[in-house]
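What follows is one structure encoded as structure tokens, with my remarks underneath.
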Amino acid sequence: MKYIVVGTSHFGYEVVQTLLKQEPQAEIHLYERGDDASFMG
Numbered sequence: 001m002k003y004i005v006v007g008t009s010h011f012g013y014e015v016v017q018t019l020l021k022q023e024p025q026a027e028i029h030l031y032e033r034g035d036d037a038s039f040m041g
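For the sequence shown, this note's numbering begins at 1 and goes up steadily by one.
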């Protein structure tokens with residue numbers, strides 16, 4: 001399955017972590033509007 005996650009706030013990273021646990025073979029693309037990824041939203 002392919003997934004697109006928009007935004008790197010806490011929620012975005014939680015979604016990616018959950019997807020990786022549930023579907024290790026998933027193709028995940030993470031996009032952020034700014035130049036730097038934010039770890040805290």
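Backbone N, C-alpha and C define an ideal beta-carbon position, used for all residues, glycine too.
How is Glu32 classed by DSSP in three states: helix, strand or coil?
For the purposes of this step, residue 32 is taken as the residue at position 32 of the sequence shown. Residue state, collapsed to three classes: coil.
Would DSSP call Glu27 helix, strand or coil?
Residue 27 sits at position 27 when you count from the first residue of the sequence shown. Reduced to three states, the DSSP call for Glu27 is strand.
Skipping 5 residues on each side, what residues in its chain have a beta carbon closer than 6 Å to that of Gly41?
Indexing the sequence shown from 1 puts residue 41 at position 41. In this predicted model, Gly41 has a pLDDT of only 48, less than 50, meaning its place in the structure is not dependable enough to derive any value.
Per DSSP, Tyr3 forms a beta bridge with which residues?
As a working note, residue 3 is residue 3 in the sequence shown. In the DSSP output, where bridge partners are listed per residue, Tyr3 has Ile28.
Glu32 versus Gly12: straight-line alpha-carbon distance, rounded:
The residue labelled residue 32 in the question sits at position 32 within the sequence shown. The residue labelled residue 12 in the question sits at position 12 within the sequence shown. Taking the Cα positions, Glu32 is about 10 Å away from Gly12.
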